[in-house]
Amino acid sequence: MSLYIVATPIGNMGDITFRAIETLKKVSLIACEDTRYTRKLLSHYDIHTPVTSYYEYNKIKKIDYLLEQLTSGRDIALVSDSGTPGISDPGFLIISEAIKNRIQVISIPGPSAAISALVIAGLPTDSFVFEGFLPRKKGKLRKTLIELAALRRTIVFYESPYRITTTLKIMQEAIGNQYIVIARELTKHFEEVLRGDLDTLIPRLEAQPLKGEMVLLFNPSFTPLENPTD
Ligand code: SAM
């Protein structure tokens, strides 16, 4: 029995590996966050494996069932709504519990929004810090941003379109007029990369709020030669 950690597309249905499809076909069960969402992917690739939900609010309740399936000899694939399971989703719990129970955990690699954004951002990639989602409360967010800026390397984090402008304003207050990159709707129809300093980008976002999924990146020790605001 094995637990396969299967990466799925972050938008474009074509971004899935042959091995991911084979794995999703051959396992006994697919554990996923939103079953309706994953069923769309499965039906696109003609995959008929049963699915079961495993998401933030049922993960504790579901653990015993999933471990029981694994220890009784069934292979399970873990997928998330998008990208690589275990990255800013409930994956860690089942992965660590599987390891404790001496179940083999196998990675089926593929897209992740953080890495996809990092490689096109144009910020140094030799060393970076991925922070997932930052704290929502202003005080904590401010403190986190100051700590991250002190690391002086590329910082990558996820942000919601509902909070992006507020986050940028707190960032401007906390660490000054930082040059940032926002990679939005990667692999999708409205894919866009915004590059510029906070003084330029904040008014732009206030005038025209950004929609969709996004990754925010900055590197306090990097100054672009020109300011390539898109
Ligand atoms: N497991 C996923 C991964 O490997 O990228 C991340 C899951 S996390 C719950 C979802 C967040 O990832 C979104 O809120 C957004 O910040 C980012 N994201 C996902 N898809 C994206 C895309 N196509 N373009 C930009 N950001 C994306």
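Using this note's numbering, the first residue of the sequence shown is number 6, and each one after it goes up by one. All C-beta atoms in this analysis are idealised placements derived from N, C-alpha and C, irrespective of residue type, glycine included.
Among the options, nearest to residue i - alpha-carbon criterion
i	options	result
isoleucine 167	Glu196, His194, Glu218, Gly181	In the sequence on display, residue 167 carries tyrosine and not isoleucine. Checked all of Glu196, His194, Glu218, Gly181; the closest Cα to tyrosine 167 is Glu218.
tyrosine 184	Ile160, Ser165, Glu196, Asn63	Ile160
glycine 127	Ile65, Thr22, Thr228	Thr228
aspartate 3	Ala25, Lys67, Arg158	No answer is possible for residue 3: it lies beyond the span of the chain, which begins at 6 and ends at 235.
arginine 189	Pro140, Leu123, Asp94	Leu123
leucine 191	Asn63, Lys31, Tyr163, Val110	Tyr163
glutamate 197	Ser121, Asp69, Leu47	Ser121
valine 220	Leu203, Ala212, Gln177, Ser165	Ser165
glutamine 177	Ser132, Leu46, Thr205	Thr205
aspartate 202	His194, Leu230, Lys193, Phe195	Leu230
valine 56	Ser132, Arg41, Gln213	Arg41
glutamate 61	His49, Arg200, Leu47, Asp39	Asp39
serine 101	Lys216, Ser132, Glu27, Asp69	Asp69
Residues near residue i by beta carbon distance below 7 Å, same chain, minus five either side
i	result
leucine 71	Ala36, Tyr59, Ile81, Ile99
valine 84	Val11, Thr13, Ile35, Cys37, Thr43, Pro90
leucine 156	Val134
valine 32	Tyr9, Thr54, Asp80, Ile81, Ala82
Whole-angstrom C-beta distance between residue j and residue i, which should lie under 8 Å
i	j	result
isoleucine 207	leucine 173	5 Å
isoleucine 180	alanine 154	4 Å
threonine 54	leucine 29	6 Å
phenylalanine 135	alanine 119	5 Å
methionine 18	glycine 78	That pair is no contact at about 32 Å.
lysine 45	proline 95	Between proline 95 and lysine 45 the Cβ distance is about 20 Å, and since that is not below 8 Å, they are no contact.
Close-in-space but distant-in-sequence residues of the same chain around residue i (CB under 6 Å, 5 per side omitted)
i	result
serine 87	Ile15
serine 112	Ile10
proline 210	The sequence given here places leucine at residue 210; proline does not occur at that position. Thr170, listed in sequence order.
phenylalanine 223	Ile160, Gln183, Ile185
leucine 139	Leu146, Thr149, Phe162
alanine 103	Leu8, Val110
isoleucine 92	Ser117
serine 226	Arg157
N- and C-terminal bounds of the beta strand (DSSP E) containing residue i
i	result
glutamate 136	133-138
glutamate 197	197-202
valine 110	109-113
leucine 221	219-223
leucine 34	34-37
alanine 82	81-83
serine 7	7-11
tyrosine 59	Run containing tyrosine 59: none; DSSP gives neither H nor E here.
Other residues of its chain near residue i: CB distance less than 8 Å, five sequence neighbours each side excluded
i	result
isoleucine 175	Lys143, Leu146, Arg147, Leu150
threonine 22	Ala12, Ile113, Pro114, Gly115
asparagine 106	Leu72, Leu75, Thr76
histidine 194	none
arginine 141	Arg168
isoleucine 108	Met6, Ser7, Leu8, Leu72, Leu75, Thr76
Residue range of the unbroken alpha helix (DSSP H) whose run includes residue i
i	result
alanine 179	169-180
glutamate 27	23-31
glutamate 102	96-105
glutamate 152	143-155
Distance cut-off 7 Å: residue i Cβ against heavy atoms of the ligand ZN
i	result
threonine 89	Of the ligands this structure carries, namely the ligand SAM, none is the ligand ZN.
C-beta neighbour in chain D for residue i, strict 8 Å
i	result
leucine 215	This model lacks chain D altogether; it includes just one protein chain.
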